[in-house]
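Student: Converting from the sequence shown to this note's numbering requires adding 37 to each position, the first position being numbered 1.
Submitted below is the structure of interest, expressed as structure tokens.
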Amino acid sequence: MASWIEKDNAYVWHPFTQMKTAPLPLEVVAAKDTCFYTATGEKYIDINSSWWVNVHGHGNEYIGKALSEQFSKIDHTIFADATHHKAIELAERVCQKLPETFQKVFFSDNGSTAVEVALKMIVQYWYNQGIHKPKILALDGAYHGDTFGAMSVGQRGGFNTPFEPYFFDVDFLDFPTAENEQLILENARLKMESGEVGCLIIEPLVQGSAGMRMYRAEWLDALVRLAHAFDVKVIFDEVMTGWGRTGKLFAMNHCEEVPDIVCLSKGLTGGTLPLGLTVATLEIYNAFLSDKKANALLHGHSFTGNSLACACACASLDLFEQQKTWDNVKRIEGWNQRLMGKLEKHPAIFNTRMTGTILAIELRQQEGTSYYSAIRDEIVAHFLENGIFIRPLGNVFFFNPPYCISDEELRQVEDVTMCFLEKIIEM
Ligand SMILES: *Cc1c(COP(=O)(O)O)cnc(C)c1O
38 MASWIEKDNA
48 YVWHPFTQMK
58 TAPLPLEVVA
68 AKDTCFYTAT
78 GEKYIDINSS
88 WWVNVHGHGN
98 EYIGKALSEQ
108 FSKIDHTIFA
118 DATHHKAIEL
128 AERVCQKLPE
138 TFQKVFFSDN
148 GSTAVEVALK
158 MIVQYWYNQG
168 IHKPKILALD
178 GAYHGDTFGA
188 MSVGQRGGFN
198 TPFEPYFFDV
208 DFLDFPTAEN
218 EQLILENARL
228 KMESGEVGCL
238 IIEPLVQGSA
248 GMRMYRAEWL
258 DALVRLAHAF
268 DVKVIFDEVM
278 TGWGRTGKLF
288 AMNHCEEVPD
298 IVCLSKGLTG
308 GTLPLGLTVA
318 TLEIYNAFLS
328 DKKANALLHG
338 HSFTGNSLAC
348 ACACASLDLF
358 EQQKTWDNVK
368 RIEGWNQRLM
378 GKLEKHPAIF
388 NTRMTGTILA
398 IELRQQEGTS
408 YYSAIRDEIV
418 AHFLENGIFI
428 RPLGNVFFFN
438 PPYCISDEEL
448 RQVEDVTMCF
458 LEKIIEM
């Protein structure tokens, strides 16, 4: 009889994977708290929270209870002409946690669709008013998901080259660094002065897929102020930065300015079920109210507002209302700070950076930063050998663990990291 892995190889097409050359995937048979358990009896720390989603740890019993209770009530309902209590509860509670201008929640299934919806909201916001502001601004290096609209506002080249002819036009601003912050704001102003820019989309404070690239909240505030001065609507894609990752519930809590739309997903359900939210201000929403049906937001997905996902998200919100969660976030932040200090002058490292519970280590290397860089596979192998499951982005590896990670596990991650850095100096 074929093994599970043989059958995986026979039938499964994995995401972001060159199926011809990729090493065999880890055969996970159980996941609990910070760890994966495999068919061969090994245990691995899931240091990147299963693609950055699993904020409370695997198999969280509180969320599990909410899920099974909800299943016994409602599995799923259509969400047009029908509604249910968990979606209503979630919408109300999410609005209460965001700045008070956020008042309307649109449900979808994942981060990419949350972004698609946000873009469509703004395009139609202008359309419904008969205002011509067709241009969209995004940040160089952006990642907003893998559907066509989301790809269009993301980094060109790399992953998306075959599809580029089909993307809509987007103007990209350079990524802000200490040297060019002011210049980029000037460029942004020049673009906005045309009056044609209707939308700015940005990952606040941390660009995830670009390699956990970080920039200052003050700069983002200046950009948002500028956008609003030229009546440009602003989308914060908080799909990755939301739910405590940056040390606060949302990255925007580090800022003074407030966007017009926020996209949420990933940690929203505690990383248990797929769900996306696009939350808008009343001003955006009001532009869709009309006696004409065609002015409505005519968008939806079969699983919009899924009741099980909403129940998990409400349970996750309960956990964010517990002090323990925030104590853990602080604890990881403290560990990041200490490890960053320790690594500061390490000869193998080009740059170490952190925001909240994210610590990124960028290795020095000749080839430059690239998703395909060879050192990536060495990082993966070294960490796997030492009981840690990691997915670096090229020569950048980073830790964004479930918040329940223990001090002992953090020490293990630190030891394995130090050992790897010594190893590559010798290479
Ligand atoms: C992961 C991610 C997305 C896409 O979310 P999916 O659920 O994978 O579709 C969008 N934006 C950001 C910032 C992300 O990190």
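The C-beta atom is built at its ideal place from N, Cα and C for all residues, glycine as well.
#1: By how many angstroms is the C-alpha of Trp280 removed from the C-alpha of Ile416?
#2: So the beta strand (DSSP E) Ala397 belongs to, where does it begin and stop?
#3: Touch check for the region 133-148 and the region 332-340: three-plus C-beta pairs under 8 Å?
#4: Per DSSP, what are the beta-bridge partners of Val433 in this structure?
#5: Using the beta-carbon count (16 or more within 10 Å), is Leu354 buried or exposed?
#6: Counting only runs of 3+ residues fully inside the region 170-219, write out the beta strand (DSSP E) ranges in chain order.
#7: What did DSSP end up calling Asn323 once you bin it into helix, strand or coil?
#8: Would you check if the distance between the CB atom of Ser86 and the CB atom of Asn388 is smaller than 8 Å?
#9: For ligand 1, is there a heavy atom less than 7 Å away from the beta-carbon of Asn147?
#10: Beta-carbon within less than 6 Å of Leu237's beta-carbon, same chain only, minus the 5 sequence neighbours each way: which residues are those?
#11: Thr198 to Asp177, Cα distance in whole Å?
#12: Might you give, ordered along the chain, the residues of its own chain that have their beta carbon closer than 7 Å to the beta carbon of His336, omitting 5 neighbours on each side?
#13: Between Tyr162 and Ala324, what straight-line distance do the alpha-carbon atoms span, to the nearest angstrom?
#14: Could you give the C-beta distance for Ile111 and Ser443, rounded to a whole number, given that I count them as a contact under 8 Å?
#15: Where does Tyr81 sit, in a helix, a strand or coil, going by DSSP?
#16: Would you check if the distance between the CB atom of Val65 and the CB atom of Lys303 is smaller than 8 Å?
#17: Taking its Cβ as the centre, do 16 or more other Cβ atoms sit within 10 Å of Asn97, making it buried, or is it exposed?
#18: Please report how far the alpha carbon of Val160 lies from the alpha carbon of Ile42, in whole angstroms.
#19: Which residue from Met38, Cys300, Val453 and Thr150 puts its Cα closest to that of Cys132?
#20: Run through DSSP, which three-state label would Thr58 get?
#21: For Ala348, count the other beta carbons within 10 Å of its own beta carbon; 16 or more makes it buried, fewer makes it exposed. Which is it?
#22: Only counting the same chain, and skipping five residues up and downstream in sequence, which positions put a Cβ closer than 8 Å to that of Val366?
#23: Mapping DSSP to helix, strand and coil, what is Gly313?
#24: Whose C-beta lies closer than 7 Å to the C-beta of Leu210 among residues of the same chain, with five residues either side of it excluded?
#25: Tell me whether Cys20 is buried or exposed, calling it buried when 16 or more other Cβ atoms sit within 10 Å of its Cβ.
#26: Please classify Glu446 as buried or exposed, where buried requires at least 16 other C-beta atoms within 10 Å of its C-beta.
#27: For Met158, report the span of its alpha helix (DSSP H) as first-last.
#28: Just grab the DSSP bridge partners of Met251 for me.
#29: Do you know whose CA, among Pro171, Gln244 and Gly235, lies nearest Gln192's CA?
#30: Less than 8 Å separating the beta-carbons of Ile427 and Ile100?
#31: Is Met188 near ligand 1 - that is, is its Cβ less than 7 Å away from at least one heavy atom of it?
Tutor: According to the structure data:
#1: 27 Å
#2: Ile395 to Leu400
#3: yes
#4: Glu399 and Leu430
#5: buried
#6: 172-176 and 208-210
#7: helix
#8: no
#9: yes
#10: Leu174, Ala264, Val269 and Val271
#11: 15 Å
#12: Val154 and Lys157
#13: 6 Å
#14: Contact flag wrong, Cβ pair sits at about 36 Å.
#15: strand
#16: no
#17: buried
#18: 45 Å
#19: Cys300
#20: coil
#21: buried
#22: Gly281, Gly284, Gly393, Thr394 and Tyr440
#23: strand
#24: Leu174, Leu176, Asp177, Ile221, Asn224 and Ala225
#25: Because residue 20 is not part of the residues shown, which for the chain are 38 to 464, the question remains open.
#26: buried
#27: Gly148 to Asn165
#28: Val243
#29: Gln244
#30: no
#31: no
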